[in-house]
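Residue numbering for the sequence shown follows our numbering, beginning at 10 and increasing consecutively.
One structure is given here, and the rest of the page talks about it.
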Amino acid sequence: MSDQRPAAPEPPRSRLDTPLDREVGPRTAERLASLGLASVGDLLEHYPRRWTRRGDLTSFDGLREGEHVTVQATVVSASSRRMKQRRGTITEVVVADGDGRRIDLVFFNQRFREGQLVPGTVGFFSGKVSRRGRQLQLLQPDMLLQQGRHARGGLSLVPGPDEQAEVAEDFAGSLTPVYPASARAQTWHVAAAVRQVLDTLVVADVPDPVPDDLRERHGLLPRLEALRGLHRPADEAERDAATHSLRYAEAFVLQTGLLRARTRARLVPATRYERRPGDLLERFDAALPFTLTDGQRSVGEELQRELASGTPMQRLLQGDVGSGKTLVALRAMLAVVGAGGQAALLAPTEVLAAQHLRSLEQLLGPLGRAGTLDGDAEGTRVALLTGSMPAAARRRALLQIVTGEAGLVVGTHALLQQSVEFADLGLVVVDEQHRFGVEQRDALRSRGVAVHTLVMTATPIPRTVAMTVFGDLDTSVLDELPAGRQPISTHVVGLPERPGWLPRVWQRVREEVDAGRQAFVVCQRIGVDVDDEESVLAELENDLEPPGGRPPAAAVLDVLDALRAEPALAGLRVEVLHGRMTPEEKEAVMADVLAGDVHVLVATTVVEVGVDVPNASVMVVMDADRFGVSQLHQLRGRVGRGGHPALCLLVTGVPAPSEARERLDAVASSTDGFALARFDLRTRREGDVLGSAQSGARSSLRLLRVVDDGDVIAAARQDAAAVLDADPELQEHPVLLEAVEVALAGGRDAWLARA
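Structure, rendered in structure tokens:
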């Protein structure tokens, strides 16, 4: 009797896979391709960004520099002037939102816009947001005027005569969808294509991945009805019901894919690392000169249970800077080494890797020097592997790793190279996981069979927060600070409002140094390369600032010279640290810093993680708006580590209000790493939950928002688990199976199997 399972029935054929050129014509399909839309399904899942009522004006509050937007606004004024440096004219049109906030529309050599855009005209204006000084503007925008006139601007084509009636009807409805757009495909182009497709679809064309019983239990709309209600709602109630139905369906498909992959991954056995009396970890604990916090002890017990379970551990260890994450990780590593395995600690920089080596050797004492005259024979060895090591030292480290002589291995990206072989890798610890890509972290874990993984961070990247909400990443939190840690006071130094504050910053640094403390000054650039890129607009008209319109970020070498000449810092030793220095130069500088001989260290983000200078009490971040939330939280964690009150000053030349200032204010108002990560999640998006992208535009989520939709995600996870319990291979749910496979297309299934 054959034990072969019957083949799953073929899923219903769907028009959603039909190429767009067959449905809307080659010209429109080519236009929509600029948005990454290739099929009917792609088009219908290109959901509106928002909806407006006829006559309602778009608030300019949320406009972001560099973003392509479509706004609905009213014309306030229009005027033209001649260019100063070349022939031609500039026409500037001021438009306003409902609250009186204004932005400029700028046209080159299109003086006729003065007569077309008379005060009081209401329309949709689409283009890329740039900045001229403090004023936002749209350059060469496309337009759709609500009087029924159609305009051509920029490089985009506008609807032809055969399309105008349909476009006008779409944009005259009670609720008008506003879609994410591009220079080639404006929101009205998308709306016309959606209308054309939706009018021809029937229920059989749009199979629903949500089983009938779940849809009825939750009061959800069938998929086609929900799509119509989202793209062409009669009112807000219809739109909201459609949004809820599609949001649940999205969560349900994603949860089914995640649970299915995780269940399969847990079937692969991992080595059990079980404790025994008198093992390496017990001897290490007995030699500690301090008492573990309750949090460190409880998280350690949690990790040891997972290491002994036979199931691969996949855990995030989150704790504020200085909470003792490294000690917790070391105890987990010793549990593995004491049971016969190896553990690797992956650090993002050579400075941090070298410091980890020193810290581990200091904590372990004789237990980390097995085989030496003063070492413990029952201990282990710690090996360091970095990219800049001399050849002889590298060969020695590789030999210790492959033979198993080194139970603990610390390294940078050099550990990811194929030439690095382990004797029995059992645990990978990734420090500051936001500094490594998903594929990089996976490269090391793949060296063993079902290797246990622990990732540590003070501020999780948005994608990590998303994964914890989706339940695919177990989380441990250290919410206690060891004795002696002081709170850090953080302030935004806004130079546009108070240009005289910068000298006061250096006076404040001098006060801390005079009190016996030390200071960090962090810059984004080293200063060797010169950014001489000029925009086309600057060449065209020197009255207009280039997009971005900002000088280069402060550079380490320039700031070093300025601070050595700064009267407030006269007589102080100011030194530099950056990534282009040799390892010997870095070591020498850090040795002087630790000895207290350097008063002010000007550095790049090489000091972002792991650098431990207990005497440092003030951190100044230049051009802080150019750093991410995680970076800023990490940087300020470099001060206040020695029992002294600490200060972090975020210097910025960006005016308020702006998105950048909102980020800085968020960092200044909170020291909670997860709270900051959730804020980051709202602004940067969650990354590709089913793939390797960590954040930003490649998010695989369409309607779901991790921060806001936790209840929907939890309910969908519970429903997905019940469906998989009854039908693990989804043989009775072919439409759901197809939806999951589509979600996992493009290598995401293989990535999930590894992750």
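Just so you know, even glycine gets a beta-carbon here, dropped at the ideal spot from N, CA and C.
Could you please give the first and the last residue of the uninterrupted beta strand (DSSP E) stretch that includes residue 383?
Counting along the chain, residue 383 sits inside no beta strand (DSSP E), nor does DSSP assign it H or E at all.
Give me the DSSP bridge partner(s) of residue 113.
103, 146, per the DSSP bridge assignment.
Endpoints, alpha helix (DSSP H) assigned at residue 125:
Element bounds for residue 125: 122–125.
To which residues of the same chain is residue 97 closer than 6 Å at the C-beta, ignoring the five residues directly before and after it?
Answer for residue 97: 118, listed in chain order.
Note down, in chain order, each residue of its chain lying with its Cβ closer than 7 Å to the Cβ of residue 84, except the 5 sequence neighbours on either side.
Leaving aside the five residues that flank residue 84 on each side, the residues in its chain whose CB is nearer than 7 Å to its CB run, in chain order, 102, 104, 126, 127, 128, 129, 130.
For residue 717, tell me which candidate among 687, 726, 731 has the shortest Cα-Cα distance.
Comparing Cα positions, the closest option is 687.
Since I believe residue 526 is in contact with residue 561 (beta carbons under 8 Å), could you give me their beta-carbon distance rounded to a whole number of angstroms?
With 8 Å as the limit, residue 561 and residue 526 do not qualify as a contact, their Cβ atoms being about 30 Å apart.
Hey, quick one: how far does the beta strand (DSSP E) through residue 440 stretch, first residue to last?
Per DSSP, residue 440 belongs to the beta strand (DSSP E) from 434–440.
What residue range does the alpha helix (DSSP H) around residue 73 cover?
Element bounds for residue 73: n/a, residue is neither H nor E.
My output table needs one value for residue 628: the three-state DSSP class, helix, strand or coil.
Three-state DSSP puts residue 628 in a strand.
Same chain, Cβ closer than 8 Å to residue 713, neighbours up to 5 away in sequence not counted
The residues are 256, 259, 260, 263, 721, 722.
For residue 515 and residue 440, the rounded distance between their alpha carbons:
Computed Cα separation, rounded: 33 Å.
If you draw a straight line from the alpha carbon of residue 287 to that of residue 278, how long is it in whole angstroms?
Going from the Cα of residue 287 to the Cα of residue 278 covers about 27 Å.
Label residue 380 either buried or exposed according to how many other C-beta atoms from any shown protein chain fall within 10 Å of its C-beta, with 16 as the threshold for buried.
When all chains shown are included, residue 380 counts as exposed.
Does DSSP put residue 612 in a helix, in a strand, or in coil?
Residue 612: strand per DSSP, three-state reduction.
Decide if the stretch 390–409 is in contact with the stretch 326–338; the criterion is three or more beta carbon pairs, one per stretch, under 8 Å apart.
The stretch 390–409 vs the stretch 326–338: no contact.
Chain-order list of residues whose beta-carbon lies under 7 Å from that of residue 305 (same chain, five-residue window excluded):
Within the same chain, residue 305 has close Cβ partners 333, 336, 337, 487.
Looking at the secondary structure, which residues open and close the beta strand (DSSP E) in which residue 584 lies?
Unbroken beta strand (DSSP E) run through residue 584: 583–586.
With which residues is residue 461 paired in a DSSP beta bridge?
According to DSSP, residue 461 shares a beta bridge with 436.
Tell me which residues share the same chain as residue 27 and place their Cβ nearer than 8 Å to its Cβ, disregarding the 5 neighbours each side in the sequence.
Same-chain partners within the cutoff: 48, 49.
Only counting the same chain, and skipping five residues up and downstream in sequence, which positions put a Cβ closer than 8 Å to that of residue 684?
Excluding its 5 nearest sequence neighbours in each direction, residue 684 has no C-beta neighbour in its own chain below 8 Å.
How is residue 816 classed by DSSP in three states: helix, strand or coil?
Outside the shown range of the chain, which is 10 to 764, sits residue 816, and nothing can be said about it.
Which term fits residue 501, buried or exposed, when burial requires 16 or more other beta carbons within 10 angstroms of its beta carbon?
It is buried - the Cβ of residue 501 has at least 16 other Cβ atoms within 10 Å.
Can you list, in chain order, the residues of its chain with a C-beta nearer than 7 Å to that of residue 375? Leave out the 5 residues immediately preceding and following it.
Excluding residues within five positions, the ones whose Cβ falls inside 7 Å are 383, 384, 385, 388.
Excluding sequence positions up to five away, which residues of its chain have a Cβ less than 8 Å from the Cβ of residue 237?
If we look at residue 237 and ignore the five residues flanking it on each side, its Cβ neighbours are 207, 251.
When the Cα of residue 361 is compared with those of 340, 370, 421, 406, which residue comes out closest?
The option with the nearest alpha carbon to residue 361 is 421.
So what does DSSP say about residue 745, is it helix, strand or coil?
Note: residue 745 maps to helix in three-state DSSP.
Could you check what DSSP says for residue 547 in three-state terms: helix, strand or coil?
Annotation note: pLDDT 32 at residue 547 (below 50); position unreliable, coordinate value reported separately. Looking at residue 547 - three-state DSSP - the assignment turns out to be helix.
Could you check whether residue 110 and residue 664 sit closer than 8 Å to each other, using their CB atoms as the reference points?
Cβ distance not < 8 Å, so residue 664 and residue 110 don't count as in contact.
Please classify residue 704 as buried or exposed, where buried requires at least 16 other C-beta atoms within 10 Å of its C-beta.
Legend: pLDDT at residue 704 = 42, less than 50; position of this residue unreliable, no value from coordinates given.
Contact set for residue 766: own chain, Cβ-Cβ below 8 Å, skip 5 residues either direction:
Lying outside 10 to 764, the shown extent of the chain, residue 766 is not represented and no answer is given.
Comparing C-alpha positions only, which one of 231, 213, 214 sits nearest to residue 220?
Closest option to residue 220, judged by alpha-carbon separation, among 231, 213, 214: 231.
Between the CA atoms of residue 642 and residue 613 - distance to the nearest angstrom
The straight-line gap separating the alpha-carbon atoms of residue 613 and residue 642 is approximately 15 Å.
Own chain residues within Cβ distance below 7 Å of residue 633, not counting five before or after:
Correct list, in chain order: 641, 659, 660, 661, 673.
For residue 212, does the count of other Cβ atoms within 10 angstroms reach 16, so buried, or fall short, so exposed?
A residue is called buried when at least 16 other Cβ atoms come within 10 angstroms of its Cβ; residue 212 does not meet this threshold and is exposed.
Which residue wins for smallest C-alpha separation from residue 32, given the options 289, 124, 190, 202?
Among 289, 124, 190, 202, the Cα nearest to that of residue 32 belongs to 202.
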